[in-house]
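Everything on this sheet refers to the single structure shown next.
There are 2 protein chains.
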Amino acid sequence: MFSKACEYGIKACIFIAINSYEDRRVSPKEIAEEINSPQAFTAKILQALVRNNVIKSVKGAYGGFEVSKNEIQYIKLSQIVKAIDGDNIYNGCGLGLEKCNEDHPCPVHDKFKGVRDELKHMLENTSLEELALNIKSGTSFLKT
Amino acid sequence: MFSKACEYGIKACIFIAINSYEDRRVSPKEIAEEINSPQAFTAKILQALVRNNVIKSVKGAYGGFEVSKNEIQYIKLSQIVKAIDGDNIYNGCGLGLEKCNEDHPCPVHDKFKGVRDELKHMLENTSLEELALNIKSGTSFLKT
DNA sequence: CATAAATAGGATAAAATTATCCGAAATAAG
DNA sequence: CTTATTTCGGATAATTTTATCCTATTTATG
């Protein structure tokens with residue numbers, strides 16, 4: 025469904041959010057350990073998230089990655105996915121047709137509509153906040 | 025969402041079905057032209073579909089690929105997808121956790137459930153027949 | 001039986017994704 | 001100002017996916 029990069033990105037954001045609540049910045053090393061991902065690759069993904077203004081980075085000593093405490097509730101999964109995988113998950117045709125729309129639909133166009141709309145709705149209505157809170161409370165897990 | 029291989033596989037099955045209704049076998053060359061896919065790669069995918077008993081092949085002169093006319097209505101999208109992409113689309117965790125279930129869910133486990141159930145339901149309830157009929161009637165398209 | 005027409009399948013190549021490494025640039029603190 | 005720390009970003013490698021090529025095998029037909 026998502027690329028590996030996107031999976032890492034989502035998990036990384038959650039871990040960063042948890043730490044930002046405690047005013048702690050985290051490094052790619054810590055993140056990679058916590059979400060069980062390759063460190064250098066994770067760092068690249070973090071860069072993309074920074075460039076797309078999903079998270080912030082502070083260079084130098086005592087630096088690291090963080091996200092504004094009061095923005096966490098407004099950051100949606102869709103922003104993270106879009107920053108990493110782009111928006112083909114929204115716009116792309118299920119069967120890869122260049123031009124696929126109501127007037128010229130691929131064979132699964134209508135069938136797919138429901139699934140994609142549900143996915144889109146989920147991504148746009150799931151906040152980083154709720155995901156982070158569930159991790160904090162031990163209701164869900166970032167690895168194994 | 026699906027791999028390229030799977031996209032080609034679905035479109036190929038539809039084209040084969042349409043021709044099987046007319047008792048015509050088709051070659052990878054014809055198929056590739058009709059669904060706008062690389063021929064040799066498409067041939068590989070057809071082999072996988074044959075191995076998984078989704079379609080049938082007949083070697084030698086006047087051979088080609090076909091699907092039993094009276095089976096077309098019972099062949100579901102799910103069979104095609106499973107034959108090519110395997111069943112990780114059903115069982116895999118949305119964030120790639122090795123072990124992700126109700127007792128040990130990933131952060132998006134519940135959120136994802138709806139989307140995946142909808143996808144699964146769609147795949148299991150969409151028959152090759154209806155897809156083929158829509159192509160025949162010009163209601164949907166296999167390329168461009 | 002010989003021949004032509006097809007699929008099967010192995011070997012290989014190209015492209016995309018995933019992953020690693022290292023030096024440059026920035027920054028906090030002494 | 002210097003140093004230690006940390007992200008940034010380019011180069012490169014490994015893996016997976018996508019794609020191509022060529023030969024073997026099968027089979028209908030004359």
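In order, the protein sequence lines correspond to chains A and B.
The C-terminal residue of the first sequence carries number 168 in this note's numbering, and the numbering is unbroken.
The C-terminal residue of the second sequence carries number 168 in this note's numbering, and the numbering is unbroken.
We put the beta carbon where it would ideally sit given N, CA and C, even for glycine.
Exercise. Relative to the C-alpha of residue 110 (chain A), which residue among A:127, A:76, A:90, A:121 is closest?
Worked result: By 1-based counting over the first sequence, the position of residue 110 (chain A) is 86. Cα-wise, what sits closest to residue 110 (chain A) is A:76.
Exercise. With DSSP run on the structure shown, which of helix, strand or coil describes residue 116 (chain B)?
Worked result: For the purposes of this step, residue 116 (chain B) is identified with residue 92 of the second sequence, where counting begins at 1. The answer is coil: DSSP assigns residue 116 (chain B) none of H, G, I, E or B.
For this session: Look at residue 90 (chain A) and residue 79 (chain A) and say whether their C-beta atoms are less than 9 Å apart.
Result: Walking along the first sequence from the start, residue 90 (chain A) turns up at place 66. Walking along the first sequence from the start, residue 79 (chain A) turns up at place 55. Contact: yes.
For this session: Indicate whether residue 122 (chain B) and residue 120 (chain A) have their beta-carbon atoms separated by less than 9 Å.
Result: Counted from its first residue, the second sequence places residue 122 (chain B) at position 98. Counted from its first residue, the first sequence places residue 120 (chain A) at position 96. No; because the gap between Cβ atoms is not below 9 Å, this pair is not in contact.
Problem set entry | C-alpha distance - residue 152 (chain A) paired with residue 37 (chain A), whole-angstrom precision | Position 128 of the first sequence, counting from 1, holds the residue named residue 152 (chain A). Position 13 of the first sequence, counting from 1, holds the residue named residue 37 (chain A). Near 8 Å, if we compare the C-alpha coordinates of residue 37 (chain A) and residue 152 (chain A).
For this session: Under the assumption that residue 26 (chain B) contacts residue 84 (chain A) (Cβ atoms under 8 Å), give the Cβ distance between them as a whole number of angstroms.
Result: Here the question's residue 26 (chain B) lines up with position 2 in the second sequence. Here the question's residue 84 (chain A) lines up with position 60 in the first sequence. Contact doesn't hold; Cβ gap of about 44 Å is too wide.
Problem set entry | Where residue 34 (chain A) meets chain B, residues with beta-carbon distance less than 8 Å | Residue mapping note: residue 34 (chain A) aligns to position 10 of the first sequence, counting from 1. Here the neighbours are 119, 131, 132.
Exercise. Measuring CB to CB, does residue 35 (chain B) end up less than 9 Å from residue 129 (chain A)?
Worked result: Residue numbering aside, residue 35 (chain B) sits at position 11 when the second sequence is read from its first letter. Residue numbering aside, residue 129 (chain A) sits at position 105 when the first sequence is read from its first letter. Taking 9 Å as the Cβ cut-off, residue 35 (chain B) and residue 129 (chain A) do not qualify as a contacting pair.
Problem set entry | Extent of the continuous beta strand (DSSP E) to which residue 88 (chain A) belongs | Counting from 1 along the first sequence, the entry for residue 88 (chain A) is found at position 64. Here the beta strand (DSSP E) through residue 88 (chain A) covers 88-90.
For this session: Using beta-carbon positions only, say whether residue 99 (chain B) and residue 33 (chain B) come within less than 9 Å of one another.
Result: Start at 1 with the first residue of the second sequence, and residue 99 (chain B) comes out as number 75. Start at 1 with the first residue of the second sequence, and residue 33 (chain B) comes out as number 9. No, these two residues do not count as a Cβ contact at 9 Å.
For this session: For my contact list, residue 65 (chain A) and residue 166 (chain A) are in at a C-beta cut-off of 8 Å; report their separation, rounded to the angstrom.
Result: The sequence position of residue 65 (chain A) within the first sequence is 41, counting from 1. The sequence position of residue 166 (chain A) within the first sequence is 142, counting from 1. Actually they are not in contact, since the Cβ atoms of residue 65 (chain A) and residue 166 (chain A) sit about 16 Å apart, beyond 8 Å.
Problem set entry | Where residue 87 (chain B) falls, given that 16 or more other Cβ within 10 Å makes a residue buried | Translated into positions along the second sequence, residue 87 (chain B) becomes position 63. Residue 87 (chain B) is exposed by the Cβ-count criterion.
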